[in-house]
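Enquirer: I am attaching a structure below and will ask some questions about it afterwards.
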Amino acid sequence: MRAFVAIGSNIGDRLQNIAKAVKYLGLEPGITIKKVSSLLETDPVGGPPQGKFINGVIKIETALSARELLKRLQKIESSLGRARTVKDGPRTLDLDILLYGKSIINEPDLTIPHPRMLEREFVMKPLLEIEPNIKNKWSSQKKSRKPVRRLIQRARNTNA
Ligand code: AMP
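Position one of the sequence shown corresponds to residue 1202 (the working numbering), numbered consecutively onward.
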């Protein structure tokens, strides 16, 4: 299955955290890294005052289920020392599943497509860089079926 994972870090050596995470991800059985986007530095959205993030998006091919993929991402987050303390607070490493094929999953602890991805330029920009023709076909809302480029434009306009 083709999947996209968002990666972010705003504590410590952010570039090194991201480099390590990509390496660990690629070493996981059942996960092959296909593309890694450029990285961008972004201001934090929500949460307490905190440092800037470095963000990017990774395209993978995986034999794992979405839930198993989430578990592996959480394992990698923990191995880089992420402690879940403050909600939306600073983190050494954040890995989120953006898309898992065309699946729509609405479970208490797993929502795919990632619910806030369309509003986040720091997600959409790198996603479009590595997958320029991706369309928002998964959405059940008609207005969200526009090509994601237009959604990005909207995100820019609303300064999200
Ligand atoms: P965060 O602290 O922002 O990384 O949120 C982590 C929590 O979000 C975890 O408990 C996950 O179970 C949950 N979650 C829900 N949907 C997703 C998703 N698509 N990717 C990663 N985590 C998710």
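Just so you know, even glycine gets a beta-carbon here, dropped at the ideal spot from N, CA and C. All values reported here derive from a predicted model rather than from experimental measurement.
Using a threshold of 7 Å, is the CB atom of Thr1263 nearer than that to any non-hydrogen atom of ligand 1?
Expert: Taken from the Cβ of Thr1263, every heavy atom of ligand 1 lies 7 Å or farther away.
Enquirer: Between the stretch 1289-1299 and the stretch 1243-1252, are three or more C-beta pairs nearer than 8 Å?
Expert: Put simply, the stretch 1289-1299 touches the stretch 1243-1252. At least three CB pairs are less than 8 Å apart.
Enquirer: Compare the beta carbon distance of Asn1211 and Lys1253 with 8 Å and say whether it is the shorter of the two.
Expert: Yes, Cβ-Cβ distance for Asn1211 and Lys1253 is below 8 Å.
Enquirer: How many Å lie between Asp1244 and Ala1207 at the Cα?
Expert: 16 Å
Enquirer: Could you name each continuous alpha helix (DSSP H) segment of 4 residues or more that falls completely within the stretch 1252-1317, going from the start of the chain to the end?
Expert: Complete alpha helix (DSSP H) runs here, min 4: 1267-1280.
Enquirer: Would you grab the beta carbon distance between Ile1232 and Arg1273 for me? Rounded to a whole angstrom, and I think it's under 8 Å.
Expert: 7 Å
Enquirer: Does the separation of the CB atoms of Leu1299 and Leu1265 fall below 8 Å?
Expert: no
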